[in-house]
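Structure record follows, encoded as structure tokens.
There are 4 protein chains.
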Amino acid sequence: MEYNKYKQLIAELGKHFYNLGWVSGTGGGISIKDGNNIYIAPSGVQKDRINPEDIFLVNLNGDVIEKPLNDLRISECTPIFLEIFKTNNSGAVIHSHSVNTVLVTDLFEDYFICKNLEMQKGIEGYGIFDELKVPIIENTSKEYELVGSIIKAIKDNAKTKAVLVNGHGIYVWGNSWEQTKKHAECYDYLFKVEIERRKLL
Amino acid sequence: MEYNKYKQLIAELGKHFYNLGWVSGTGGGISIKDGNNIYIAPSGVQKDRINPEDIFLVNLNGDVIEKPLNDLRISECTPIFLEIFKTNNSGAVIHSHSVNTVLVTDLFEDYFICKNLEMQKGIEGYGIFDELKVPIIENTSKEYELVGSIIKAIKDNAKTKAVLVNGHGIYVWGNSWEQTKKHAECYDYLFKVEIERRKLL
Amino acid sequence: MEYNKYKQLIAELGKHFYNLGWVSGTGGGISIKDGNNIYIAPSGVQKDRINPEDIFLVNLNGDVIEKPLNDLRISECTPIFLEIFKTNNSGAVIHSHSVNTVLVTDLFEDYFICKNLEMQKGIEGYGIFDELKVPIIENTSKEYELVGSIIKAIKDNAKTKAVLVNGHGIYVWGNSWEQTKKHAECYDYLFKVEIERRKLL
Amino acid sequence: MEYNKYKQLIAELGKHFYNLGWVSGTGGGISIKDGNNIYIAPSGVQKDRINPEDIFLVNLNGDVIEKPLNDLRISECTPIFLEIFKTNNSGAVIHSHSVNTVLVTDLFEDYFICKNLEMQKGIEGYGIFDELKVPIIENTSKEYELVGSIIKAIKDNAKTKAVLVNGHGIYVWGNSWEQTKKHAECYDYLFKVEIERRKLL
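Chains as they are written, first to last, in my numbering: chain A, 275 to 475; chain B, 275 to 475; chain C, 275 to 475; chain D, 275 to 475.
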């Protein structure tokens, strides 16, 4: 298999996000869009031990263009990733299971809300003194069943770059993989600040 | 000594689990079963500095097939690992001393219980909306004295993939080393969520 | 581009501070002064993936002497870094977004204060039994708008080696990059101790 | 300078302990005794960036046998390390500034006490169901002024393998560097369990 920089990158980021605690237990993942090429990790593999040759290449319709030689299945998040790409033309989507995301869905109803934090500037469209909101939707038995409510939340919340899922995690996007990673880091940081503040009340 | 992939793997996973805080102070460990070959780390060695040539190879009866050239003794967990392999035909067992495991044995009696968390899907046989339970047994002076109550807990709890030990840690298993690692990560994550929730009450 | 030890060092420290949680989401940064040469990272780049050839070289007036071949912009912290260098002739400035810095600006008004902690000895001019204070200033919409109040805080507080910014982070300096890093680590440690103490009240 | 395994080891362990949060801000350290040769790190250097050629070699009287080519000074802990070696003939001493050590000196008076934790088995001479105690002494302005009270605490507490210093850290020892590292990890783990338990009350 030829060297492909996005397959390489997804493998690198898999290890990176594992170390951040976002994709332990094979959960979570990342998809990158390069024109009509969409790169997606396989389902149920250890993100800390993923290899570039394990990555799928599909188009926006979900047709598989390249697949691993072994018998891996494509990520269960695939329909969600594809619908987000179609809806907002983003360049990458990160799905994190960070414990912080689960805890803020406990602490907040309907929307995570924060204000007056410098890190808000890291989310495109937000300033420090704005009120930043992230919609929270209910979880479903199967990952693909989330598609409808995620797309609805995106359409109902023009400014948001992420949707939280109750007791589950977060989907985050951006113009490029770099901005998506930046958004994911900033959101996780903002969640952590609000969680720690509650402990200090 | 010839290269052996399981000895290599146990050394790698030792460092990995050390970094997760599961096997500090030479505690905890992992055993992998490949057919009739069972690979086990030595007793009392630093898991962050273990080498492939330090790993023992035994059979299901506990007969030593290969041992390190130095005078290391086999893990004190050996009888427990062997009895778990015989009881449920699993492919690997991880024993973790994660602080999270000790704290949940404080917070819960008889059973750790959680519900409605996405990460439950990572434990074979569980869905998101199921009630997930892990039996908690009492600790004993010597590690090998735990054998009877661990095997009883396995037999009494058909669905469980782990047994917690009060003030001590956890034993986790699965069909393969990959699934066992996945199970161990998912359980530790679920414990962490419930611990953090208590801090936020 | 020729090898330059300060460009190399800033790239290394970027990764290091990222791993400490000080510069996630492209926030935070470091500037090193070598005589009249001032090395500064670009704006909005991932500090965990920064390269030596991305680093700007400017003089004390802010004139750009060397810049990256790509179209990166210089850090938004540049006016702050330059004014700190002019005010106290320090050898490096670290700007951290550590969650600990944000939490102490919640817990304290006007000044972070601690006493009787060994780690105070790591801040030049302080002994264990001294009262250590760090001024806290208000945040502004734009980073460069902080310059005036940071310089005022430095002049009003002769002993301080750092200024905290409400809901934002900290600016830390020292005679050399080594002392600046030491100061930054000691302050973050002292903040963590006081935060954890509040949780244990 | 010739290769020396203990100088190499101290440099490796410096990085390791830094990553554990035990020696940030140039604080803390380790000394290893090999017969009459005692290896000690220099004062005030970054433990995450220490090199084997920076390590001093002294004898039990504190006479310097080998010193770095640069103008480094020997660790301020030297008199403490030497007196501990003379008093209990241990093979290594670790001095950690772990935040956990500071917090337990807040939570406990005179003695840290725990019971019924598996990890106690990692401290030589202790079983799971024993009561484990670590004496806490008062801090002093200068590190070397601690010598008297540390040696008194050692003599007054025959079983202890460590002494805690109020608002400061811990000194830990063992027969060998491996046992000393094991002791340090087990103590830090036990402290963390008791700290987390208080948060969950």
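Backbone N, C-alpha and C fix where the C-beta goes; we use that ideal spot for every residue, glycine too. No experiment lies behind these values; they were computed from the predicted model shown.
Minimum Cβ-Cβ distance from Leu303/D to chain C less than 9 Å: For the purposes of this step, residue 303/D is identified with residue 29 of the fourth sequence, where counting begins at 1. Strictly speaking, residue 303/D in this sequence is Gly, with Leu absent from that position. For Gly303/D, the answer is no, since every Cβ of chain C falls outside 9 Å of its Cβ.
Within 10 Å of its beta-carbon, does Thr361/A have 16 or more other beta-carbons around it, so buried, or fewer, so exposed? The residue given as residue 361/A occupies position 87 in the first sequence. When all chains shown are included, Thr361/A counts as exposed.
DSSP three-state call for Gly396/B: helix, strand or coil? For the purposes of this step, residue 396/B is identified with residue 122 of the second sequence, where counting begins at 1. DSSP places Gly396/B in helix when its eight states are reduced to three.
Segment limits, beta strand (DSSP E) that includes Lys307/A: For the purposes of this step, residue 307/A is identified with residue 33 of the first sequence, where counting begins at 1. Taken as a continuous stretch (DSSP letters only), the beta strand (DSSP E) holding Lys307/A covers Gly303 to Asp308.
Would Ala417/C and Ile354/C qualify as a contact pair, given that the criterion is a beta-carbon distance under 9 Å? Indexing the third sequence from 1 puts residue 417/C at position 143. Indexing the third sequence from 1 puts residue 354/C at position 80. The question names Ala, but residue 417/C in the sequence shown is Glu. Yes. Within cutoff.
Output, in chain order, the set of chain A residues within a Cβ distance shorter than 7 Å of Thr300/C. Counted from its first residue, the third sequence places residue 300/C at position 26. Gly396 and Lys456, listed in chain order.
Closer than 9 Å to chain F by CB, Glu405/C: Considering every chain present, this structure includes no chain F. Its protein chains are A, B, C and D.
Of the listed residues Gln320/B, Ser364/B, Leu343/B and Pro326/B, nearest to Leu334/B (C-alpha basis): In the second sequence, the residue the question calls residue 334/B occupies position 60. Among Gln320/B, Ser364/B, Leu343/B and Pro326/B, the Cα nearest to that of Leu334/B is on Ser364/B.
Helix, strand or coil for His369/C per DSSP? On the third sequence, residue 369/C is found 95 positions in, with the first residue counted as 1. In this structure, His369/C counts as strand in the three-state DSSP scheme.
Sorted by chain position, which residues of the same chain lie with C-beta nearer than 8 Å to Val338/B's C-beta, five sequence neighbours on each side aside? Within the second sequence, residue 338/B is the residue found at index 64, counting from 1. Taken in chain order, the residues that qualify are Phe330, Leu331, Val332 and Ile348.
Measure the Cβ-Cβ separation of Asn399/D and Lys433/D and say whether it is below 9 Å. Here residue 399/D is taken as the residue at index 125 of the fourth sequence, counted from 1. Here residue 433/D is taken as the residue at index 159 of the fourth sequence, counted from 1. According to the sequence shown, residue 399/D is Gly rather than Asn. The beta carbons of Gly399/D and Lys433/D sit closer together than 9 Å.
Could you name the residues of the segment 310 to 342 of chain D whose beta carbon sits closer than 7 Å to any beta carbon of chain C, in the order they occur along the chain? Gln320
Of the choices Ala285/D, Gly301/D, Tyr277/D and Lys289/D, whose alpha-carbon is the least far from that of Ile463/C? Your numbering for residue 463/C matches position 189 in the third sequence. Looking at the sequence itself, residue 463/C is Tyr, so the reference to Ile does not match. When each option's Cα is compared against that of Tyr463/C, the closest is Gly301/D.
According to DSSP, which residues form a beta bridge with Leu438/D? As a first step, residue 438/D must be located in the fourth sequence, where it is residue number 164. According to DSSP, Leu438/D bridges with Ile410/D and Ile444/D.
Please tell me whether Lys435/A and Val446/A are closer than 9 Å, where the distance is taken between their beta carbons. The residue given as residue 435/A occupies position 161 in the first sequence. The residue given as residue 446/A occupies position 172 in the first sequence. Closer than 9 Å, so yes.
Please list, in chain order, all residues of the same chain as His442/D whose beta carbon is under 6 Å from its beta carbon, the five residues on each side excluded. Position 168 of the fourth sequence, counted from the start, is the residue given in the question as residue 442/D. Same-chain partners within the cutoff: Asn413.
Under 9 Å between C-beta atoms, does His442/C make it to chain A? If you number the third sequence from 1, residue 442/C lands on position 168. Judged by the 9 Å Cβ criterion, His442/C is in contact with chain A.
Does the beta carbon of Gly401/D sit closer than 9 Å to a beta carbon anywhere in chain B? For the purposes of this step, residue 401/D is taken as residue 127 along the fourth sequence, with counting starting at 1. Cβ-Cβ to chain B under 9 Å: yes for Gly401/D.
Closer than 8 Å at the beta carbon, the chain D residues around Arg471/C: Here residue 471/C refers to the residue found at position 197 when the third sequence is read from its first residue. Within 8 Å Cβ-Cβ: Leu377 and Asp380.
From Asn374/B, Ile304/B and Asp345/B, residue whose alpha carbon lies closest to that of His290/B: Position 16 of the second sequence holds residue 290/B. If we check each option's Cα against that of His290/B, Ile304/B comes out closest.
Using the C-alpha atoms, what's the distance from Gly288/A back to Gln282/A? Indexing the first sequence from 1 puts residue 282/A at position 8. Indexing the first sequence from 1 puts residue 288/A at position 14. Distance between the alpha carbons of Gln282/A and Gly288/A is about 10 Å.
Could you name the residues of chain D that Ser415/B contacts, counting a contact when the two beta carbons are closer than 7 Å? Your numbering for residue 415/B matches position 141 in the second sequence. Within chain D, the residues placing a beta-carbon under 7 Å from that of Ser415/B are Gly401, Ile402 and Phe403, ordered along the chain.
Rounded C-beta distance between Val297/A and Leu391/B? I'm assuming under 8 Å. Counted from its first residue, the first sequence places residue 297/A at position 23. Counted from its first residue, the second sequence places residue 391/B at position 117. Actually they do not touch by this definition, with Cβ atoms about 16 Å apart.
I want to verify the contact list: residues of chain C whose CB lies under 9 Å from the CB of His371/D, in sequence order. Within the fourth sequence, the letter at position 97 stands for residue 371/D. Within 9 Å Cβ-Cβ: Glu392, Met393 and Tyr463.
Phe330/B - partner residues in DSSP beta bridges: Within the second sequence, residue 330/B is the residue found at index 56, counting from 1. Paired residues: Ile314/B.
Pick from Val437/D, Met393/D and Lys395/D that is closest to Glu383/D, judged by C-alpha positions: Reading the fourth sequence from its first residue, position 109 is the one you call residue 383/D. The option with the nearest alpha carbon to Glu383/D is Val437/D.
Can you name, in chain order, every residue of its own chain whose Cβ lies under 8 Å from the Cβ of Ile469/A, other than the five neighbours on each side? As a working note, residue 469/A is residue 195 in the first sequence. Here the set comprises Asn374, Leu377, Val378 and Leu381.
On the three-state DSSP scale, how would you describe Val319/D? Residue mapping note: residue 319/D aligns to position 45 of the fourth sequence, counting from 1. Looking at Val319/D - three-state DSSP - the assignment turns out to be coil, as it is neither helix nor strand.
Using 9 Å as the threshold, is the C-beta distance between Ile397/B and Cys351/B below it? Position 123 of the second sequence, counted from the start, is the residue given in the question as residue 397/B. Position 77 of the second sequence, counted from the start, is the residue given in the question as residue 351/B. No. Outside cutoff.
Pull up the distance between the alpha-carbon of Val439/D and that of Ser423/D, whole angstroms please. Within the fourth sequence, residue 439/D is the residue found at index 165, counting from 1. Within the fourth sequence, residue 423/D is the residue found at index 149, counting from 1. Distance between the alpha carbons of Val439/D and Ser423/D: 10 Å.
Val421/C versus Val367/C - alpha carbon distance: Locating residue 421/C in the third sequence gives position 147, counting from the first residue. Locating residue 367/C in the third sequence gives position 93, counting from the first residue. About 14 Å.
Which residue wins for smallest C-alpha separation from Lys455/C, given the options Arg471/C, Lys341/C and Ile306/C? The residue labelled residue 455/C in the question sits at position 181 within the third sequence. The shortest C-alpha separation from Lys455/C is found at Ile306/C.
If you run the structure through DSSP and keep just helix, strand and coil, what is Tyr277/B? As a position in the second sequence, residue 277/B is number 3, starting the count at 1. Coil at Tyr277/B, not helix or strand.
Beta-carbon gap between Tyr313/A and Ile358/A smaller than 9 Å: Counted from its first residue, the first sequence places residue 313/A at position 39. Counted from its first residue, the first sequence places residue 358/A at position 84. Going by C-beta atoms, Tyr313/A is not nearer than 9 Å to Ile358/A.
Excluding the 5 residues flanking Asp322/C on each side, which residues of the same chain have their C-beta closer than 6 Å to its C-beta? Reading the third sequence from its first residue, position 48 is the one you call residue 322/C. So the qualifying residues of the chain are Lys289 and Tyr292.
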